[in-house]
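**Q**
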Amino acid sequence: MDILIGLQWGDEGKGKIIDLISRDYDIIARFNGGANAGHSIYHKDKRITLKLLPSGIFYPHIKNIIGTAVVIDPVALKAEIQQVQTITSDSDLIDRILVSQKAHLVLPTYKYWDMYYEDSPQYRTIGTTKNGIAPTYSNKILRQNIRVGDILSKDFETDVFHILNQQYAELEALGQDMPEIQELYTNFLEGCYFLKKLQITDTEIIINEALRENKKVLAEGAQATLLDIDHGTYPYVTSSNTIASAACVGLGVSPKLIDKIYGVTKAYCTRVGNGIFPTEITGSLADELREKGGEFGSNTKRPRRVGWLDLPALKYAVMINGVTDLVLTKADILNGMNEVPICTAYEINGETKTLAAVTFVDNAPRPIWKFLAGWDTPLNKINQTTQVPKELKLFISFLEEELNIPVKYLSTGPQREELIILGN
Ligand code: GDP
Numbered sequence: 045m046d047i048l049i050g051l052q053w054g055d056e057g058k059g060k061i062i063d064l065i066s067r068d069y070d071i072i073a074r075f076n077g078g079a080n081a082g083h084s085i086y087h088k089d090k091r092i093t094l095k096l097l098p099s100g101i102f103y104p105h106i107k108n109i110i111g112t113a114v115v116i117d118p119v120a121l122k123a124e125i126q127q128v129q130t131i132t133s134d135s136d137l138i139d140r141i142l143v144s145q146k147a148h149l150v151l152p153t154y155k156y157w158d159m160y161y162e163d164s165p166q167y168r169t170i171g172t173t174k175n176g177i178a179p180t181y182s183n184k185i186l187r188q189n190i191r192v193g194d195i196l197s198k199d200f201e202t203d204v205f206h207i208l209n210q211q212y213a214e215l216e217a218l219g220q221d222m223p224e225i226q227e228l229y230t231n232f233l234e235g236c237y238f239l240k241k242l243q244i245t246d247t248e249i250i251i252n253e254a255l256r257e258n259k260k261v262l263a264e265g266a267q268a269t270l271l272d273i274d275h276g277t278y279p280y281v282t283s284s285n286t287i288a289s290a291a292c293v294g295l296g297v298s299p300k301l302i303d304k305i306y307g308v309t310k311a312y313c314t315r316v317g318n319g320i321f322p323t324e325i326t327g328s329l330a331d332e333l334r335e336k337g338g339e340f341g342s343n344t345k346r347p348r349r350v351g352w353l354d355l356p357a358l359k360y361a362v363m364i365n366g367v368t369d370l371v372l373t374k375a376d377i378l379n380g381m382n383e384v385p386i387c388t389a390y391e392i393n394g395e396t397k398t399l400a401a402v403t404f405v406d407n408a409p410r411p412i413w414k415f416l417a418g419w420d421t422p423l424n425k426i427n428q429t430t431q432v433p434k435e436l437k438l439f440i441s442f443l444e445e446e447l448n449i450p451v452k453y454l455s456t457g458p459q460r461e462e463l464i465i466l467g468n
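Shown next as structure tokens:
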């Protein structure tokens, strides 16, 4: 099984790369998160944001698996499938979506818990998307939640009614504004009954049997390394594990069966929401980079914070994930710059660090910069290694040397075909 993950704070352009390489696979499997992240891909020149559906959805030969550690909002999944159905004539679409019966359901009250925590002054404001993801994982750990397989139980409606009533009463007592409970209940059940049309199954068995038959499986991660609940910039992280090893847990596949690990990084850095960002830039330079890079949330349209490439953090991400192949995106956005800044080390409390877990710093790390020569060639016009401008080649060699892994793909624009294969 191969794995593809983001190496920064998300939005690295994973969707485009998965969309492109997925044609070589038999199964694409999502292993973490919920409908809080979006992968943007192009289908028939239309930009589509997939939130829960794996990115192989537009290839008729691919099975798409939503794995055990994913949390599923049935209302959101139903809407997403219906949206995809409006742009594809594939009549087998529904048959190609398999959902783990052990995946947890996002109950409609969980969004309101998110709102309550985010908006109450006595709690930390994380900057979540308020999709109810963290409350779902919390209730999973508390062993109070219900799972996709429960939809098939005869007691399902009664169980949902009981949990919703209890949570509704708690939220009301806290003064949280909410719609009528009946509305939440009815919409949720409608979403759940739609899910029954999909294959609700033991996805870990399907994946392992496919691997035994030498079929190719790609595990697709949502969010990214520095947002990992354990290894990211806690508390400003997502509520699931996002790193490569989480694919094994999330899909039920042994670490012995992992082959390639693709890590995607932009040629610069962005992050959404609060939290440490050592190489952040502000002011008109940041506005320019944000506009040029279209750095606004694909779900939320929130402006992303922007900054330069952060090598100590990237080295950490490559190490934690065991990346075998690097994918570099958005180098085209830096086109036309005289010099491209890269942070090569941090100075923290008088110490210089070239590899760093970006966390637990009393004093913000001071980036130490290296300036590489910029390039000035519209990259989306080129499609061969020999046409890559020499300055960008030096930028790539510098990364390869520092990270000790090859850059396999150079993405040269947002479209599917805007990509150059650099290595073998
Ligand atoms: P993801 O969550 O990692 O899949 O990232 P998003 O989909 O949120 O954001 C990536 C955006 O950048 C999408 O609109 C992509 O089409 C676009 N994109 C991906 N690679 C490139 C690239 O190399 N250059 C440019 N200009 N855009 C890219």
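Heads up, this note's numbering is the position in the sequence shown plus 44, with the first residue counted as 1.
Think of the CB as a built atom: it goes at the ideal place given N, C-alpha and C, for glycine as much as any other residue.
It should be emphasised that the depicted structure is a prediction, and the values quoted were computed from it without experimental measurement.
(1) Could you check what DSSP says for Gln166 in three-state terms: helix, strand or coil?
(2) Would Leu378 be called buried (16 or more neighbouring beta carbons within 10 Å of its own) or exposed?
(3) Is it the case that the Cβ atoms of Ile251 and Val261 are separated by a distance below 8 Å?
(4) Report the partner residues of Ala263 according to the DSSP bridge assignment.
(5) Within 10 angstroms of the Cβ of Arg74, are there 16 or more other Cβ atoms? Answer buried if so, exposed if not.
(6) Roughly how many angstroms separate the alpha carbons of Ser133 and Asn285, rounded to a whole number?
(7) Quick one: using the 10 Å Cβ neighbour count with 16 as the cut-off for buried, is Gly265 buried or exposed?
(8) How big is the Cα-Cα spacing for Ile92 and Ala81?
(9) Can you tell me where the alpha helix (DSSP H) with Lys58 in it begins and where it stops?
(10) Taking Phe340 as the reference, give the member of His275, Thr314 and Ala361 with the closest Cα.
(11) Smallest Cα separation from Pro458: which of Gly59, Gly50, Leu295 and Ile49?
(12) Quick check: the Cα distance between Ser66 and Ile72, rounded to an integer number of angstroms?
(13) Based on Cα-Cα distance, which residue from Trp157, Gln129, Lys240 and Ser182 lies nearest to Thr173?
(14) Going by DSSP, what residue range makes up the beta strand (DSSP E) through Lys310?
(15) In whole angstroms, what is the alpha-carbon distance linking Leu151 and Tyr181?
(16) I think Glu56 touches Lys310, with their Cβ atoms under 8 Å apart; what is that distance to the nearest whole Å?
(17) Tell me whether Glu335, by its Cβ, gets closer than 7 Å to a heavy atom of ligand 1.
(18) Measure from the alpha carbon of Tyr160 to the alpha carbon of each residue in Gly50, Gln220 and Lys107, then state which is nearest.
(19) What alpha helix (DSSP H) runs, 4 residues minimum, are completely inside the region 378–457?
(20) Would you tell me roughly how many angstroms separate the C-alpha atoms of Val402 and Gln226, rounded to the nearest one?
(21) So, do the region 128–144 and the region 103–110 have three or more beta carbon pairs nearer to each other than 8 Å?
(22) When we look at the beta-carbon of Ala408 and count the other beta-carbons within 10 Å, is it buried (16 or more) or exposed?
(23) Tell me the residue span of the beta strand (DSSP E) that contains Gln226.
(24) By the three-class DSSP mapping on this structure, what secondary structure does Phe340 have?
(25) How long is the line joining the alpha carbons of Ile177 and Tyr229, rounded to whole angstroms?
(26) Going by beta carbon distance, what residues of the same chain come within less than 7 Å of Phe102, once the five residues before and after it are set aside?
(27) Rounded to whole angstroms, what's the CA-CA distance from Ile116 to Gln127? Just pull it up for me.
(28) Please list the terminal residues of the continuous beta strand (DSSP E) segment that includes Thr93.
(29) Relative to the C-alpha of Thr153, which candidate in Gln166, Phe200, Val204 and Leu329 has its C-alpha closest?
(30) Could I get the ranges of all uninterrupted beta strand (DSSP E) runs contained in the region 74–160, with 3 residues as the minimum, in chain order?
(31) Going by the C-beta, is Thr373 closer than 7 Å to any heavy atom of ligand 1?
(32) Just how far apart, CA to CA, sit Leu271 and Ala113?
(33) Express the C-alpha separation of Val297 and Ala254 in angstroms, rounding to a whole number.
(34) Would you tell me roughly how many angstroms separate the C-alpha atoms of Thr396 and Asn365, rounded to the nearest one?
(35) DSSP three-state call for Leu215: helix, strand or coil?
**A** Taking the geometry as given:
(1) Indexing the sequence shown from 1 puts residue 166 at position 122. Correct three-state label for Gln166: coil.
(2) The sequence position of residue 378 within the sequence shown is 334, counting from 1. Only buried fits Leu378, as 16 or more other CB atoms lie within 10 angstroms of its CB.
(3) Taking the sequence shown and counting its residues from 1, one reaches residue 251 at position 207. Taking the sequence shown and counting its residues from 1, one reaches residue 261 at position 217. In this structure, Ile251 sits near Val261, with a CB-CB distance shorter than 8 Å.
(4) Here residue 263 is taken as the residue at index 219 of the sequence shown, counted from 1. Answer is Ile47 and Ala73, bridged to Ala263.
(5) Reading the sequence shown from its first residue, position 30 is the one you call residue 74. Around the beta carbon of Arg74, 16 or more other beta carbons sit within 10 angstroms, so the residue counts as buried.
(6) Residue 133 sits at position 89 when you count from the first residue of the sequence shown. Residue 285 sits at position 241 when you count from the first residue of the sequence shown. Going by the C-alpha atoms only, they are around 35 Å apart.
(7) For the purposes of this step, residue 265 is identified with residue 221 of the sequence shown, where counting begins at 1. Per the 10 Å Cβ criterion, buried.
(8) For the purposes of this step, residue 92 is identified with residue 48 of the sequence shown, where counting begins at 1. For the purposes of this step, residue 81 is identified with residue 37 of the sequence shown, where counting begins at 1. If I take the Cα positions, the gap works out to 13 Å.
(9) Along the sequence shown, one-based indexing puts residue 58 at 14. Counted as a single uninterrupted DSSP element, the alpha helix (DSSP H) harbouring Lys58 occupies residues Lys58 to Ile65.
(10) Residue 340 sits at position 296 when you count from the first residue of the sequence shown. Cα-wise, what sits closest to Phe340 is Thr314.
(11) Counting from one through the sequence shown, the residue named residue 458 turns up at place 414. Between Pro458 and the set Gly59, Gly50, Leu295 and Ile49, the nearest pair of CA atoms involves Gly59.
(12) One-based indexing of the sequence shown puts residue 66 at position 22. One-based indexing of the sequence shown puts residue 72 at position 28. If you draw a straight line from the Cα of Ser66 to the Cα of Ile72, it is about 7 Å long.
(13) Counting from 1 along the sequence shown, the entry for residue 173 is found at position 129. When only C-alpha atoms are compared, the closest one is Trp157.
(14) Counted from its first residue, the sequence shown places residue 310 at position 266. Taken as a continuous stretch (DSSP letters only), the beta strand (DSSP E) holding Lys310 covers Ile305 to Lys310.
(15) Translated into the one-based positions of the sequence shown, residue 151 becomes position 107. Translated into the one-based positions of the sequence shown, residue 181 becomes position 137. The alpha-carbon atoms of Leu151 and Tyr181 are separated by roughly 11 Å.
(16) Walking along the sequence shown from the start, residue 56 turns up at place 12. Walking along the sequence shown from the start, residue 310 turns up at place 266. Contact between Glu56 and Lys310 is confirmed by a C-beta separation of about 5 Å, below the 8 Å threshold.
(17) Locating residue 335 in the sequence shown gives position 291, where the first residue counts as 1. Glu335: no, Cβ never under 7 Å from ligand 1.
(18) Within the sequence shown, numbered from 1, the residue matching residue 160 stands at position 116. Tyr160 has its Cα closest to that of Gln220, out of Gly50, Gln220 and Lys107.
(19) Counting only runs of 4 or more, we get 434–447.
(20) In the sequence shown, counting from the first residue as 1, residue 402 sits at position 358. In the sequence shown, counting from the first residue as 1, residue 226 sits at position 182. The straight-line gap separating the alpha-carbon atoms of Val402 and Gln226 is approximately 45 Å.
(21) Yes, the region 128–144 is in contact with the region 103–110.
(22) Walking along the sequence shown from the start, residue 408 turns up at place 364. Using a 10 angstroms sphere on the CB of Ala408, the tally of other CB atoms stays under 16, which defines it as exposed.
(23) Reading the sequence shown from its first residue, position 182 is the one you call residue 226. No beta strand (DSSP E) holds Gln226; the alpha helix (DSSP H) holding it covers Ile225 to Leu239.
(24) What you label residue 340 is simply residue 296 of the sequence shown in a count that begins at 1. Judged by DSSP in its simplified three-state form, Phe340 adopts strand.
(25) Locating residue 177 in the sequence shown gives position 133, counting from the first residue. Locating residue 229 in the sequence shown gives position 185, counting from the first residue. If you draw a straight line from the Cα of Ile177 to the Cα of Tyr229, it is about 18 Å long.
(26) Against the sequence shown, residue 102 aligns to sequence position 58. So the qualifying residues of the chain are His87 and Thr132.
(27) Here residue 116 is taken as the residue at index 72 of the sequence shown, counted from 1. Here residue 127 is taken as the residue at index 83 of the sequence shown, counted from 1. Our two residues, Ile116 and Gln127, have alpha carbons roughly 17 Å apart in a direct line.
(28) As a first step, residue 93 is located in the sequence shown; it is residue number 49 there, counting from the start. Counting along the chain, the beta strand (DSSP E) containing Thr93 begins and ends at Lys90 to Leu94.
(29) By one-based count along the sequence shown, residue 153 stands at place 109. Minimum Cα distance to Thr153 is reached at Val204.
(30) Look at the region 74–160 and you find these whole runs of beta strand (DSSP E), each 3 residues long or longer: 83–87, 90–94, 107–110 and 141–144.
(31) Position 329 of the sequence shown, counted from the first residue, corresponds to residue 373. Flag set: Cβ of Thr373 near ligand 1.
(32) If you number the sequence shown from 1, residue 271 lands on position 227. If you number the sequence shown from 1, residue 113 lands on position 69. C-alpha separation (whole angstroms): 16 Å.
(33) Counted from its first residue, the sequence shown places residue 254 at position 210. Counted from its first residue, the sequence shown places residue 297 at position 253. For Ala254 and Val297, the distance between alpha carbons rounds to 11 Å.
(34) Position 352 of the sequence shown, counted from the first residue, corresponds to residue 396. Position 321 of the sequence shown, counted from the first residue, corresponds to residue 365. Per the coordinates, the alpha-carbon of Thr396 lies some 23 Å from the alpha-carbon of Asn365.
(35) In the sequence shown, residue 215 corresponds to position 171, counting from 1. Looking at Leu215 - three-state DSSP - the assignment turns out to be helix.
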